[in-house]
Each structure stands twice: as C-alpha cells, then as structure tokens.
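K.L.:
Quick one: structure below, then a few questions.
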Amino acid sequence: MDTAVTPEVRNTLLELEGDPSFATRNRLAMRDVGEGTRLLPLAWTLGWLDIRLRYRGSMLGPLWLTLSTGIMVGALGYLYAGIFHTDINSYLPFLALSLVLWGFLASVVSESCSAFTESEGIVRAVRMPFFLFAARLLIRNVLVLAHNVLVIAVVYAVFRVWPGRHGLLAVPGLLLWGLDSLALVLMLGTFCARFRDILPIVGSVMQIAFFMSPVIWMPEQLGRGQALLPFNPFFDMLEIVRAPLLGTLPAEGIWLGAMLYSIALWVLAWSLFTRARGRIAFWI
Amino acid sequence: MNNPHILIEGVSVFFPLYHGNARSLKKTVVAAASGRLGQDRQHRVVVQALRDISFSLHGGDRLGLIGSNGAGKTTLLRTLAGIYEPVIGRVVVQGRSNALLDASLGMNVELTGRENIMLRGLYNGLPRPALARLEQDVAEFAGLGDFLDLPVRIYSAGMVVRLGFALATAIRPEILLMDEWILAGDAEFLDRARQRLEAMVRSADILVLSTHDMQIVKAWCSRALWLDQGQVRLDGSPECVADAYLGRAEQTAIAAMAEQ
C-alpha cells in the first residue's frame, strides 16, 4: 500500500549564516523571488481560493463585486455629474474607469500590510518564499479587477464610448502596475510585520489620497493647479492606464514620472526586503 | 556532496520581544526563563532560544531531541527547516526536508478536505500527476468518505486529526523533522497510524525527532541531544542521554516533594 509521494527535486541546498553580508542577503532575496515565481501555480490556487472563500455560500458569488461596483458607479455618477455640472455622457465613463482602477490600487496597498501576517500559519510551519504571498495578493486583486471590468464594459456600451487604438497603450501601464504591486507587498508586508501600527496609518493615507487624486473629479476641473498634479504619485500611476482607456494619450512627462516613482519604490522595497527577509518569521 | 546532510555550527537564535508593555513583559519573562534574557545591541529585550549549538548529521542518522518544555526543541526544528534563520553561526541543510511541526500546517478550516490536500501538495511543489496520487492516498488513509468534499470546519476533532496525520505522512522527504504531536492519536487509529509513520521514518535518510517519550527515543533514534535552556546539555547514545535526563527529572521531583 505504499502509495506515498516524493516531492519534485528543487534546489535542495539550504545554507544560512548569522549576520550575512550584503551580497549574501541579496542572493537570498533573489532566490526568494525565483522560488516564489516557480510556485506560481500555488499562488494562483491560493489567490483563486481567497476569492472563492470570500463569496462562498452567496448566491451570486464573485459577481457581487461587479454588482456593488456597478451600483456605486451609477449612484456616484449621477450625484457628482449634478454637483459638478458636468455632462453625464463624458463623466460617467470617466468615473466608472477611475473607481475601478482606484479600487485595485487601494486594495493592493491596504492588503499589502497584512500579506505576511495573514499567512502566519504557513510561514511558521514551512520555509516558503515570501514572494509567493506577493504573487498571491496580486493574483487575487487581478481577479477582482477582472470582475469589475464588466462594469466598465457596460458603461462604455451604454454611452457608446470606445477608446480605439490608444486603448492598447494601457497594457504597458498595467504591466508596470503589476511590478509595482509586487514591490509594495514586499515593502509594506515586511514593514507591517515589524510595526503593527502601520496598518491604520496606511488606511488613512489612502483615504486622503483618494480625495486628493483625480478619481471622482477630473484633472481639468483643477484649472491652474493641474501643473502640480504630477507630483502626486497616484496621479501619474493612474494616468498611464486611465488616459489610454479613455482614448487619449497621457500628458507629456506622465510616463517619466510613473517610471521614476516605480524605480524609487523598487529601490526602497528591495533594500528593506533584503535587509529584513530573514527576520520576518520572528516578527509575525 | 549531494547526499543528504545537516551541518550546524555555533548556531544561536534570539527572539526579539516587541509587543506589549516592555517593562511588565520583562518581569514575567524573567520569571519564566531565568537567565535566558539578554539585550542586543539596540537594547531590545531578546529571548535566547538557542545558544551556540553545533552538530552534524549524515545519511542514516536518527537524532532524538529531548528536554523540558521551552528548552528550544521546536525552535531547533524550525531552524533546521530554514524557517528561522540563525542570528549567529551557520546552518547547512542538503536534501529535501519536511517539517511536521503541528497538525494544522496550512490547513484552512473553511476549505474542503480535498482542497486542503491539493494545497498541501502544491506547498510541497508536487507536479500535477503526483497531486492525484496524493489525494487518493490521503483519502484512503483518512477514511473520510463523503466528508472529503465538505469544509474541514464541520469535521469532528478525530476526523481533523486523521486528515492532518494522513497529510503529514503522505509526503516522503529525505530529511524528516518531526515534533511529537504526530505520535498522539486515538487508539483504534493508532495501530494503522504507527505502521504508516514507521514506514515514513524508515524511508527518510535523516530523522530529527523532538519528544518527551524516552521509549520512542530509545527505539527509533541512534543519537540523542538533551537541550536545556537553549543549550546542549548532553549529546550521545539514546540510552545514555535518556537515562541521564530521566535521572535529573527524578531528582527534581524528589526535591519538589521534599520542599512540600
């Protein structure tokens, strides 16, 4: 009855030392990312199960996401079109797109904080690459985004908006979002494992950012203040995906800004992650 | 050097204590772990869970870890599994290792038994065809029937233990790191379980087992390590170390009785 299974041979040499040099830390962090990437099927399953679990037992399942986003877009759309005296035909497609995209950004940021602590059981039971949890979080949020895209599609169809060929330029923007999301998890996940009071701080920062960034208001409404907008990282990041999907090109310098912010984020995330990776298991 | 081996050189592991009121926590921990508190360079309070441990193991070695609760046995197993990285010293582990530290490893009670089996397989990096075999093996041994497709949340305590045990023993590693929970179980289940466990232990190249049961140490191990307050107190043959440990335990008991 010997049906037991032997696992696939991976890189099975584990070599760890106290107070490692920078090169060693860097190598171990790279290995973490490499092994996490190889466990992509697991990250996919975990991300998918996260969504399934959230909506298990509900009648519509993940379509609740679509429905609640749709209702919010509809309600806010008519309300703010009235307040801002804007034409609903151009405002509602803008709002639907902005809210869905912002929803993705905001939930990646806030979920990053608990990315490692929520997997405490696994981290303390088996050596797992931390990058796995970053990939899981990204996949989970991409799945949510995919459900919300339906809202955008419906609004576009109703208002007969079509981004045209410019829409394809959103693809590199989305890829950059993916990379930055992974960096965010490595950074905030590590930081929040050590300092537990970061989570509420991040929450309030994101709330301020929501009102300060052109999500429910349009950049043009700002008048002369528009020149200052690129200094808000959320604006640059939002524009590289939103502008193409609205059928326009991001203004000059927006892509440059987005790249600079992304590089800064990665440098920060990587230096924190390489320094602290070996300590995370002790913190959570 | 591709044979499974373990090399531990002067390893120390410290736990930082960050949470809670430092001062009162300090008092309680001082009482609990006398002499094991220190301060690191940044003056944080740390618990020295392992202090200057060295040993090496090669194919065929079976090491039993003994010591009172809090002596550092589980921390040492976690260090060997690569979960905790040493603060001082060096850890080299060559070979596929599997750490069976507690029954609920990665088990999510909201998921069904079948989903939990699949996840465990994926955590261990099993390829697709092996996943099907794993599921069949675990289902057969745990004998859960239709419950396999229901959430673990509604299982009885015994069913959870059976599933946890079946999962833990389904994957055959080269280096087996075992905590003693796995030796516990209900009587009817125990016979079959012991056979299965022994088959897994036999097939492992290296075994590190943490236990309080001296019979198990004497029967299964070829070497024993007595840990006391994070340090190696005695290292030698299972008989010798077990007797020394029991002798000391007896003395403590007598001393306690005398005090009363």
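Listed in order, the protein sequences are those of chains A and B.
Note that the first sequence covers residues 5 to 288 in our numbering.
Note that the second sequence covers residues 460 to 719 in our numbering.
From the three backbone atoms N, C-alpha and C, an ideal C-beta is built for every residue, glycine too.
What are the start and end residues of the beta strand (DSSP E) that includes B:Met637?
P.N.:
Unbroken beta strand (DSSP E) run through B:Met637: 634 to 637.
K.L.:
Can you tell which of B:Val691, B:Glu574, B:Val470 has its C-alpha closest to the C-alpha of B:Arg429?
P.N.:
The structure shown does not extend to residue 429 of chain B, since chain B is modelled only from 460 through 719, so no value can be given for it.
K.L.:
Quick one: does B:Ile634 have its CB under 7 Å from some CB of chain A?
P.N.:
No, B:Ile634 does not count as interfacial toward chain A.
K.L.:
Can you list, in chain order, the residues of its chain whose CB lies under 6 Å from that of B:Arg555, leaving out five sequence neighbours each side?
P.N.:
Excluding sequence neighbours, B:Arg555 sits near Pro632, Glu633.
K.L.:
Could you check the C-alpha separation between B:Pro463 and B:Tyr582 for me, to the nearest Å?
P.N.:
Distance between the alpha carbons of B:Pro463 and B:Tyr582: 21 Å.
K.L.:
Under 6 Å from any heavy atom of the ligand NAD, does the C-beta of B:Leu536 make it?
P.N.:
Summarising the ligand content, the structure contains no ligands, and the ligand NAD is consequently not present.
K.L.:
With distances taken from CA atoms, which of A:Gly125, A:Gly81, A:Thr90 is nearest A:Leu96?
P.N.:
Selected option, being the one with the closest Cα: A:Gly81.
K.L.:
Which residues share a DSSP beta bridge with B:Trp685?
P.N.:
Answer by DSSP bridge pairing, in chain order: B:Ile525, B:Leu693.
K.L.:
Measuring only the C-alpha atoms, how far is B:Gly689 from B:Ala530?
P.N.:
Roughly 5 Å between the two C-alpha positions.
K.L.:
When the Cα of A:His89 is compared with those of A:Ala285, A:Trp221, A:Ala255, which residue comes out closest?
P.N.:
Comparing Cα positions, the closest option is A:Trp221.
K.L.:
Helix, strand or coil for B:Ser669, going by three-state DSSP, please let me know.
P.N.:
Strand at B:Ser669.
K.L.:
What beta strand (DSSP E) runs, 3 residues minimum, are completely inside the region 220 to 285 of chain A?
P.N.:
Counting only runs of 3 or more, we get nothing.
K.L.:
Is it right to say A:Trp166 is buried, meaning 16 or more other beta carbons lie within 10 angstroms of its own, or is it exposed?
P.N.:
Exposed, since its Cβ has fewer than 16 Cβ neighbours within 10 Å.
K.L.:
What residues in its chain sit with their C-beta under 7 Å from that of A:Leu50, if we drop five residues either side in the sequence?
P.N.:
Arg140, listed in sequence order.
K.L.:
Please list the residues of the region 606 to 624 of chain B that have a C-beta atom closer than 8 Å to any C-beta atom in chain A, keeping them in chain order.
P.N.:
Correct list: empty, as no residue qualifies.
K.L.:
Throw me the rounded Cβ distance for the B:Ile542 and A:Arg128 pair, which I believe falls under 8 Å.
P.N.:
6 Å between Cβ atoms; contact.
K.L.:
So the candidates are A:Met132, A:Arg56, A:Tyr84; which of them puts its Cα closest to the Cα of A:Ile284?
P.N.:
Closest by alpha carbon: A:Met132.
K.L.:
Reducing DSSP to helix, strand and coil, say where A:Gly81 ends up.
P.N.:
If DSSP states are grouped into helix, strand and coil, A:Gly81 belongs with the helices.
K.L.:
Exposed or buried, which one is B:Ile641 when buried takes at least 16 other CB atoms within 10 Å?
P.N.:
By the neighbour-count rule (16 or more Cβ atoms within 10 Å), B:Ile641 is buried.
K.L.:
By Cβ distance, which residues of its chain are closer than 7 Å to A:Asn152, with the 5 residues on each side in sequence left out?
P.N.:
Cβ within range, chain order: Leu69, Thr70, Thr73, Val104, Gly107.
K.L.:
Cα separation between B:Leu585 and A:Val158?
P.N.:
Each residue's alpha carbon lies about 41 Å from the other.
K.L.:
Count the other C-beta atoms from every protein chain shown that fall within 10 angstroms of the C-beta of A:Val162, then say buried if there are 16 or more, exposed otherwise.
P.N.:
Classification of A:Val162: exposed, given that the 10 Å Cβ count is below 16.
K.L.:
Quick one: measure Cβ to Cβ for A:Ala33 and A:Arg246, integer angstroms, because I've assumed they're closer than 8 Å.
P.N.:
Not quite, the Cβ-Cβ distance comes to about 33 Å (not below 8 Å), so this is no contact.
K.L.:
What residues of chain D sit near B:Ile542, judged by a beta carbon separation below 8 Å?
P.N.:
Absence of chain D from the displayed structure is noted, the protein chains being A and B.
K.L.:
Using 7 Å as the limit for Cβ to Cβ distance, is A:Thr73 near chain B?
P.N.:
So, not an interface residue.
K.L.:
Would you kindly work out how many angstroms separate the C-alpha atoms of A:Pro237 and A:Ile202, rounded to a whole number?
P.N.:
Approximately 20 Å between the Cα atoms of the pair.
K.L.:
Please report how far the alpha carbon of B:Val546 lies from the alpha carbon of B:Val472, in whole angstroms.
P.N.:
Those two C-alpha atoms are separated by around 5 Å.
K.L.:
Is the beta carbon of B:Gly526 closer than 7 Å to that of B:Lys532?
P.N.:
Taking 7 Å as the Cβ cut-off, B:Lys532 and B:Gly526 qualify as a contacting pair.
K.L.:
Roughly how many angstroms separate the alpha carbons of A:Leu2 and B:Leu609, rounded to a whole number?
P.N.:
Nothing can be reported for residue 2 of chain A: it is not among the residues displayed for chain A, which extend from 5 to 288.
K.L.:
Under 6 Å Cβ to Cβ from A:Val219, same chain only, skipping five residues before and after it: list those, please.
P.N.:
The residues are Ser102, Trp106.
K.L.:
Let me make sure I understand the geometry here. Which of A:Thr194, A:Ile126, A:Ile143 has the alpha-carbon closest to that of A:Ser118?
P.N.:
Of the candidates A:Thr194, A:Ile126, A:Ile143, the one whose C-alpha sits nearest the C-alpha of A:Ser118 is A:Thr194.
K.L.:
Considering only the beta carbon of each residue, do A:Arg198 and A:Trp287 sit closer than 7 Å?
P.N.:
Result yes, Cβ atoms of A:Arg198 and A:Trp287 sit closer than 7 Å.
K.L.:
Check whether chain A comes within 7 Å of B:Pro697, counting only Cβ atoms and requiring the distance to be less than that.
P.N.:
Judged by the 7 Å Cβ criterion, B:Pro697 is not in contact with chain A.
K.L.:
Are the Cβ atoms of B:Leu636 and B:Leu539 separated by less than 7 Å?
P.N.:
For B:Leu636 and B:Leu539, yes; Cβs fall inside 7 Å.
K.L.:
Can you check whether the CB of A:Ala187 is closer than 7 Å to the CB of A:Ala47?
P.N.:
Cβ atoms of A:Ala47 and A:Ala187: not closer than 7 Å.
K.L.:
Excluding five sequence neighbours on each side, which residues of the same chain lie with their C-beta closer than 6 Å to the C-beta of B:Met460?
P.N.:
Reliability of the predicted coordinates at B:Met460 is poor, the pLDDT of 49 falling under 50, and no value is obtained from them.
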